[in-house]
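Each remark here refers to the structure printed beneath this line.
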Amino acid sequence: MKIETIKQNTIDSSKSLVCIHTNENGEPRGEIYNRYLVEPIAFTDMFTLINEMDAFFDQTGYPQAYNEYRTFVDKKKEKKFRLREAESDLDDMFLENTTGDKATFVIQVQFRQNSSWQGTITWAEGKKTQRYRSTLEMIKLMDSVLTAEDEKKTQTDPTESD
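Everything in the sequence shown is counted per our numbering, starting at -6 for the first residue and increasing by one.
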């Protein structure tokens, strides 16, 4: 399956394209793309990635959260993203040319139950898809790719070993 085909399957709001450009000190940086977002959402670490995607799902109402997160302080849900109607022709052209410098993932969140996510994650460059049962498991799958890519670069780049 071609990388373009994998990425074009981001049809609904539950599927997002996550492009990771750097992974410094184990903290990935990149952007989240979704057909309904007017512009990509930038993230600077894994917590921000998860938090921003969760806020987006809250705003679109899909996938619906089974329960609300507990907090120590009352906090208004003020984060609003500029949304648009999905335009498949425009998005297909855009997504074909959108990849992360380090890695590209298509994350589908099918359920938000037990204060976590369940769904599938596809590593586009490796053409591999895995199911995950929790947000932590999804993070570990992403980290396994990023760690392997960093190790591969260190082995091929002798200046990194100094």
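We treat Cβ as the ideally placed atom computed from N, Cα and C, and that holds for glycine.
Sorted by chain position, which residues of the same chain lie with C-beta nearer than 8 Å to residue i's C-beta, five sequence neighbours on each side aside?
i	result
Thr15	Pro21, Arg22, Gly23, Asp94, Lys95
Leu30	Phe49, Phe74, Arg75, Leu76, Arg77
Thr53	Ser6, Tyr29, Leu76
Going by alpha carbons, who is nearest to residue i out of the options?
i	options	result
Phe49	Ser6, Tyr62, Glu78	Ser6
Lys8	Glu32, Phe65, Tyr55	Tyr55
Met39	Gln148, Asp51, Glu130, Phe65	Glu130
Arg126	Val138, Leu139, Ile43, Asn107	Asn107
Asp51	Ile13, Thr37, Arg105	Arg105
Lys133	Phe65, Thr92, Ile43	Ile43
Gln57	Thr91, Ser109, Ser137	Ser109
Thr41	Ser137, Thr92, Ile13, Asn90	Ile13
Could you give the distance in angstroms between the alpha-carbon of residue i and the alpha-carbon of residue j?
i	j	result
Glu142	Glu61	36 Å
Ile100	Asn27	10 Å
Thr128	Val11	15 Å
Asp67	Ala117	39 Å
Arg148	Lys69	The sequence shown places Gln at residue 148, rather than the Arg named in the question. Looking at the two C-alpha atoms, the distance is approximately 47 Å.
Gln123	Thr115	6 Å
Leu139	Arg63	31 Å
Glu144	Asp47	30 Å
Ser137	Lys146	14 Å
Asn90	Tyr59	35 Å
Who are residue i's beta bridge partners in DSSP?
i	result
Leu10	Tyr26, Val99
Can you list, in chain order, the residues of its chain with a C-beta nearer than 7 Å to that of residue i? Leave out the 5 residues immediately preceding and following it.
i	result
Phe98	Val11, Ile114, Thr115, Trp116, Ala117, Met135
Glu17	none
Pro33	Glu24, Ile25, Tyr26
Ala35	Glu24
Glu45	Ile25, Ile34, Phe36
Enumerate in chain order the residues of its own chain whose CB-to-CB distance from residue i is below 6 Å, with the five nearest sequence positions on each side excluded.
i	result
Gly112	Gln101, Val102, Gln103
Phe65	none
Q. Can you list the alpha helix (DSSP H) stretches of 4 or more residues lying completely in the region 13 to 79, in chain order?
A. 39 to 53
**Q.** beta strand (DSSP E) segments (min. 3 residues) lying fully within the region 100 to 128
**A.** Runs of the beta strand (DSSP E) inside the region 100 to 128: 111 to 116, 121 to 125.
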